[in-house]
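The structure appears right after this line, and notes come after that.
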Amino acid sequence: MTRREEILSVLKTSADRWVSGEEISTRMTVSRTAIWKHITALRGEGYIIRSSPRKGYRLDETPDRPTAQEIADGLPTAVMGKRAIYHYERLDSTNNRAKELALEGADEGTVVIAEMQTAGRGRRRRSWHSVPMKGLYLSLLVRPHIPPADITVMFMLSALALAESVEAVSGLSVSIKWPNDIMIGRKKVGGILTEVSADMDTVDYVIVGCGVNVNHEPGDLPADVRDTATSLYMETGRTQSRVSLARNFLESFDLYYAHVAERDFSVLTTRWRRFENVVGRRVRVDMVMDSCEGRVIEIDDKGALIIEDGHRTRHRIMSGDLEYIDKNNNNRSVT
Ligand code: BTN
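Mapping of the sequence shown onto the numbering used here: position 322 corresponds to residue 322, and the numbering continues sequentially without gaps.
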């Protein structure tokens with residue numbers, strides 16, 4: 001913990017109570033001038049800290065900034081967020097930074113969060129518009145002991161954890177548009193870019209990059225997605241906490257990851273199915289080199305899509321861009 005984090009922690013544990021400068025300086029062996037400097041810096045980050053010459057300091061309000069300390073404080077996980085959490089004001093892409101850390105040997109459970117991204121990336125080389133301080137831009141590094149052929153399980157796990165956390169924080173009903181778009185009704189509120197490094201037999205690392213439109217107003221969304229995207233604020237009319245969302249996601253991910261480690265995918269599959277709305281529908285899936293049209297038979301127990309085409313041939317698809325092509329040709333609302 002840095003000195004600043006320590007001071008914040010003292011103020012937090014003394015919530016609603018004044019703490020004298022003397023108390024802080026003896027607890028931490030730090031000068032009164034240094035305390036003042038850190039308090040000023042914390043105020044600059046949005047913490048509302050009152051000061052009184054006789055009483056000392058009191059923390060009145062904590063900003064919704066997903067910093068390492070706000071995320072880590074009492075986080076009930078075993079692995080996720082337990083090793084290192086990096087918070088940046090600005091990055092090109094949290095996935096890029098997480099990848100660098102992975103290559104430097106960072107532990108699994110490492111988290112990278114940015115307040116804004118200048119080159120946020122979406123699936124299929126699309127860009128992810130990352131409005132400063134309004135969205136959650138978070139990448140999580142994991143090193144699962146699974147065969148590369150089972151990697152779809154990680155897509156399933158990530159989408160499930162994000163869907164559950166969005167529901168828990170906002171109180172809204174969400175669905176997952178396979179493989180990992182988070183939808184509210186017919187509109188997309190979040191997406192996941194999963195990047196994998198593997199050889200024939202083993203997975204080295206997986207970066208799970210989550211982007212959620214949290215407190216965006218309509219004008220914050222790029223014109224080309226204004227009809228198809230939404231935010232938690234736009235759906236609820238209330239500002240939502242990015243800190244709670246990040247913490248909830250890590251908690252949920254941690255839980256399901258433990259099942260994956262034991263090669264028990266059943267809980268994951270059962271819970272995932274509650275969020276899907278694709279089985280039985282006619283779809284087209286565009287993959288990197290190919291595309292496939294047909295009726296969805298099921299999502300199998302590893303998260304792959306099973307489609308039956310017009311010749312009754314079944315195809316198992318691991319990932320792709322899905323479009324509904326039946327009469328009700330949009331994403332079905334589950335709200
Ligand atoms: C998609 O739906 O296309 C996936 C969007 C993923 C966006 C997130 S934001 C955090 C992380 N860093 C990135 O550059 N992309 C992902």
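All C-beta atoms, glycine included, are put in the ideal place defined by N, C-alpha and C.
As the structure is a prediction and not an experimental result, all values here were calculated from the model.
Legend entry - Cβ-heavy atom distance, residue 137 to the ligand MN, below 7 Å: What this structure holds is the ligand BTN, not the ligand MN.
Inset, instruction - Tell me whether residue 268 sits in a helix, a strand or coil according to DSSP, three-state version. - result: helix
Inset, instruction - Using the Cα positions of residue 295 and residue 16, report the straight-line distance between them to the nearest angstrom. - result: 58 Å
Inset, instruction - Give every residue of the same chain whose Cβ lies closer than 8 Å to the Cβ of residue 86, excluding the five residues on either side of it in the sequence, and list them in chain order. - result: 68, 97, 101, 110, 111, 112 and 113
Inset, instruction - Answer with buried or exposed for residue 63, where buried requires no fewer than 16 other C-beta atoms within 10 angstroms of its C-beta. - result: exposed
Inset, instruction - Below 8 Å CB to CB, which residues in the same chain sit around residue 301 once its five sequence neighbours on both sides are set aside? - result: 265, 266 and 269
Inset, instruction - Go ahead and pull the three-state DSSP assignment for residue 146. - result: coil
Legend entry - Extent of the continuous beta strand (DSSP E) run through residue 47: Run containing residue 47: none; DSSP gives neither H nor E here.
Inset, instruction - Pull up the CB-CB distance for residue 211 and residue 135, whole angstroms please, since I reckon it's below 8 Å. - result: 6 Å
Legend entry - Buried/exposed call for residue 309, threshold 16 Cβ in 10 Å: Counting of Cβ neighbours within 10 angstroms places residue 309 among the exposed residues, the total staying below 16.
Legend entry - residue 387 versus 132, 207 and 147, residue with shortest Cα-Cα distance: No answer is possible for residue 387: the residues shown for the chain start at 1 and end at 335.
Legend entry - Candidates 81, 188, 77 and 122, of which the one nearest residue 95 by Cα: 122
Inset, instruction - Taking residue 242 as part of the alpha helix (DSSP H), name the residues at either end of that continuous run. - result: 242-261
Inset, instruction - Specify the secondary structure class of residue 51 as computed by DSSP and reduced to three states. - result: strand
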